[in-house]
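Working notes, structure below.
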Amino acid sequence: MPLDVEKLLQQKRAAEAAAARPRFLPRAERERRAAEAAKREEAENRRKAAEEAQRRAEAEAKWRAPSNGTSSRSARGAASSSRNGTHNAPVPTEPRSMQQPGGKTDHKSDKAAGGKKSAEDIEASLWRSRYLGPQVNQQSSFSAKKKRMRTTEKKFNFDWDLEDDTTRADDPIYRNQIVNRGGSLEGLGGEFDEEAERRARKRARLIEEKDPDTGRERAKGLMDDFYRARAKAQARLERTGLGRHWSEKKLEEMRERDWRIFKEDFGIATKGGAIPDPMRSWQESGLPKRLLDIVDMVGYKEPSPIQRAAIPIALQARDLIGVAVTGSGKTAAFLLPLLVYISDLPPLTEVNRSDGPYALILAPTRELVLQIESEARKFAEPLGFRCVSIIGGHAHEEQAYDLRNGAEIIVATPGRLVDCIELRLLVLSQCCYVVMDEADRMIDLNFEQDVNKILDALPVTNEKPDTEEAEDVHLMKRFLGSRNKYRQTMMYTATMPPPLERIAKKYLRRPATAMIGNVGEAVDTVEQRVEFIAGEDRRKKRLQQILSSNDFAPPIIVFVNIKRNCDAVARDIKSMGWSTVTLYGSKTQEQREAALASVRSGQTQVLVATDLAGRGIDVPDVSLVVNFNMCKTIESYTHRIGRTGRAGKSGVAITFLGSEDADVMYDLRQMLSKSSISKVPEELKRHEAAQSKPVRGGGGGGGGASRKDEGGQPPKGGWK
Numbered sequence: 259m260p261l262d263v264e265k266l267l268q269q270k271r272a273a274e275a276a277a278a279r280p281r282f283l284p285r286a287e288r289e290r291r292a293a294e295a296a297k298r299e300e301a302e303n304r305r306k307a308a309e310e311a312q313r314r315a316e317a318e319a320k321w322r323a324p325s326n327g328t329s330s331r332s333a334r335g336a337a338s339s340s341r342n343g344t345h346n347a348p349v350p351t352e353p354r355s356m357q358q359p360g361g362k363t364d365h366k367s368d369k370a371a372g373g374k375k376s377a378e379d380i381e382a383s384l385w386r387s388r389y390l391g392p393q394v395n396q397q398s399s400f401s402a403k404k405k406r407m408r409t410t411e412k413k414f415n416f417d418w419d420l421e422d423d424t425t426r427a428d429d430p431i432y433r434n435q436i437v438n439r440g441g442s443l444e445g446l447g448g449e450f451d452e453e454a455e456r457r458a459r460k461r462a463r464l465i466e467e468k469d470p471d472t473g474r475e476r477a478k479g480l481m482d483d484f485y486r487a488r489a490k491a492q493a494r495l496e497r498t499g500l501g502r503h504w505s506e507k508k509l510e511e512m513r514e515r516d517w518r519i520f521k522e523d524f525g526i527a528t529k530g531g532a533i534p535d536p537m538r539s540w541q542e543s544g545l546p547k548r549l550l551d552i553v554d555m556v557g558y559k560e561p562s563p564i565q566r567a568a569i570p571i572a573l574q575a576r577d578l579i580g581v582a583v584t585g586s587g588k589t590a591a592f593l594l595p596l597l598v599y600i601s602d603l604p605p606l607t608e609v610n611r612s613d614g615p616y617a618l619i620l621a622p623t624r625e626l627v628l629q630i631e632s633e634a635r636k637f638a639e640p641l642g643f644r645c646v647s648i649i650g651g652h653a654h655e656e657q658a659y660d661l662r663n664g665a666e667i668i669v670a671t672p673g674r675l676v677d678c679i680e681l682r683l684l685v686l687s688q689c690c691y692v693v694m695d696e697a698d699r700m701i702d703l704n705f706e707q708d709v710n711k712i713l714d715a716l717p718v719t720n721e722k723p724d725t726e727e728a729e730d731v732h733l734m735k736r737f738l739g740s741r742n743k744y745r746q747t748m749m750y751t752a753t754m755p756p757p758l759e760r761i762a763k764k765y766l767r768r769p770a771t772a773m774i775g776n777v778g779e780a781v782d783t784v785e786q787r788v789e790f791i792a793g794e795d796r797r798k799k800r801l802q803q804i805l806s807s808n809d810f811a812p813p814i815i816v817f818v819n820i821k822r823n824c825d826a827v828a829r830d831i832k833s834m835g836w837s838t839v840t841l842y843g844s845k846t847q848e849q850r851e852a853a854l855a856s857v858r859s860g861q862t863q864v865l866v867a868t869d870l871a872g873r874g875i876d877v878p879d880v881s882l883v884v885n886f887n888m889c890k891t892i893e894s895y896t897h898r899i900g901r902t903g904r905a906g907k908s909g910v911a912i913t914f915l916g917s918e919d920a921d922v923m924y925d926l927r928q929m930l931s932k933s934s935i936s937k938v939p940e941e942l943k944r945h946e947a948a949q950s951k952p953v954r955g956g957g958g959g960g961g962g963a964s965r966k967d968e969g970g971q972p973p974k975g976g977w978k
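Structure follows, in structure tokens:
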């Protein structure tokens, strides 16, 4: 068959494209190529120098040849003149500028050569100087180092000079060198520790040995000065408190420097006007003793960083924006100030229980609402407060029955709460405390309009002024009239998208902001592992190897991207000998609650779920999270792996990657590189998609769910 021209052209273009594509060269290969290029350049320079020398030699020989005949004639003429006894002056044969006065030619170089030159040599030198120019020094004085110093003398060089001696630091002679800190003994060792006293004694001993007459008295005086200076320094440290850690001080001894160190230790950053200092322990929190007893009974030993920062701010009746990583204890951070707030309000009676709750907590998903309700009842019921949840998946009549006796606290999803307000099952005429938990997730699920409707339904008579008075503690804590207080609004989120900023600007008054840790990054208690595995079958085999290794104790969570994969993966895990349940949006509320209850109680070992379980769901002691399918955004990945490593415990997150996950590889590589206990795999480092951040076009939100979806009716395309 004849060759196909189109096929040949296509192969040529493919080869040219492959050749033009940039390739990564290791450092050893780059050094080898640079050495070869230097050798080639040096050989080329030697060749050019040899050619230049040969050319000059040939030119000199060319002009030497015609001077032979002339030299012989000159020699004969000189001989005849000597016989006749006449000595004529030599005929000038060189340029006038090279002649000496009196018609003499400079032949000092000939005399210096040692001996009289022949006439042929003299004539040859004259011909050479006439046609080739005067002979100059052929040795060049050019120095590349001097030129480099001249061109770079004003530039800062960040590299080591190869001629510098950097071995002094490793020399044992200088390793234990004592730097002279001056004449003051207070400089010895900084603080007066045992090392400083040892050096002072050594110095006194040397003085005593070198001065037999007065050395003993001088050494004694030196040590007296040392002890006197040490006592003075210790007294100063005790007076200023700089010599002790903040944990060893009382609250009234804390200084600005101690609070700064305290905030750095717990990763706390605050802004927004007059911010109170964070609390160091529950006893210093300012909470009522009855509530502190409940905290101790529940089992909260030490407050988390968000609780340390947010509770003192909320107790001052300030509006608050709390930004913290997942699993940081945000629920108790807003529940405890809420209970303190409503404890000052009149109790609900037959007269006012139909006016609605005192406090409202909004959360994006049903599971998170039930989790907050369960946590709130631990603190509210001992104080005599009722807490009711309003979520989709339950009949309106059932929720109206729960609200018949009133409730001080309502925890709800935005969609179902709007339905209850529109059906006149609930009013918010006396609600004065609002908390929005996982606020950015509510925006992702397109609940912005519902949140605005709820906040607009709140009374406006107790709104805070948008002035500096909103930061005045005494003004904000006082009652308006007989029973009302200023409304207090709190928002907890992981990110601040533009819709959320609009809500905060409209409904929050001069809010304080408390940020914990590096927002958007995984906690350091989670070890992240990434494996490149393509294909469902290979991933299932690898999942079987991980589960059968017995390195991870139940419960274990396996995340997939779409709901139809949940049941398939769950069946395969069940065939491996593990008990499993699934959790995704198409299930009824009873099924979802039963699935979470079985995992929390230990009856089920593995939970297979979509992103529905990736945010806000608290399953205790999860040792392993497996991302069977990598999520589409790095934010979802952060919340998925946040299901493990909670409450200070450690955990492992294993992620399977494929070519379809190219859009998130760059962000994943950055997150792995920031983790102190995780390692970026070589395949991810070298991957082309992980080298630069992809440019994403188009609009649209991150969730795509609607209020009807949250209320229990699945969308046409199915839950994800």
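When we follow the numbering used here, the leftmost residue of the sequence shown carries the number 259, and every step to the right adds one.
For every residue, glycine included, the Cβ atom is placed at its ideal position computed from N, Cα and C.
Check	Outcome
C-beta contact flag for Gly580 and Arg768 at 8 angstroms	no
Cα-Cα separation between His732 and Leu480, rounded to whole angstroms	59 angstroms
Cβ-Cβ distance between Ile899 and Val784 below 8 angstroms	yes
Pairwise C-alpha distance: Arg944 and Pro284	11 angstroms
Supposed close pair Ile569, Ile533 - CB separation, criterion 8 angstroms	Going by Cβ atoms, the distance from Ile569 to Ile533 rounds to 13 angstroms, so no, they are not a contact pair.
Identified DSSP bridge partners for Lys529	Thr771
Residue of Asn720, Val866 and Lys890 minimising C-alpha distance to Val884	Val866
Contacting residues, own chain, Cβ-Cβ under 6 angstroms from Asp577 (five flanking each side not counted)	Thr747, Leu766, Arg767 and Pro769
Selection from Ile804, Val816, Ala590 and Lys722 that minimises the alpha carbon distance to Thr840	Val816
Reduced DSSP category for Leu882 - H, G, I as helix; E, B as strand; rest coil	strand
For Val598, three-class secondary structure by DSSP	helix
Beta-carbon gap between Glu666 and Ala715 smaller than 8 angstroms	no
Residue from Glu893, Met694, Arg548 and Phe810 whose Cα sits closest to the Cα of Phe637	Arg548
At least 3 beta-carbon pairs within less than 8 angstroms: the segment 546 to 562 vs the segment 586 to 597	yes
Check whether Val877 and Val857 have beta carbons under 8 angstroms apart	yes
For Tyr895, the nearest candidate out of Asp921, Ser908, Ser917 and Lys907 (CA to CA)	Asp921
Sequence-distant residues of the same chain with beta carbon closer than 8 angstroms to Phe810, five excluded per side	Ile804, Ser881, Leu882 and Val910
Segment contact flag, the segment 671 to 680 with the segment 643 to 652, C-beta cutoff 8 angstroms, min 3 pairs	yes
Cβ of Val676 within 8 angstroms of any chain B Cβ	Included in the structure is just one protein chain, with no chain B present.
One or two residues paired with Ala751 in a DSSP bridge	In the sequence on display, residue 751 carries Thr and not Ala. Thr751 pairs with Val581.
As assigned by DSSP and simplified to three states, the class of Gln786	strand
With 16 other Cβ atoms within 10 Å as the buried cut-off, status of Ala758	At residue 758 the sequence reads Leu, which differs from the Ala that was named. Buried, by the Cβ-count rule.
Pair within 8 angstroms by beta-carbon distance, Ala697 and Val669	no
In DSSP terms, what Ser647 is bridged to	Val669
Straight-line gap, Asp795 to Asn887 (C-alpha atoms, nearest Å)	13 angstroms
Spatial distance of Ala308 from Tyr389 (CA atoms)	23 angstroms
Bounding residues of the alpha helix (DSSP H) (the contiguous stretch that carries Leu942)	Glu940 to Arg944
Runs of beta strand (DSSP E) wholly within the segment 817 to 870 (minimum 3 residues, chain order)	838 to 841 and 864 to 867
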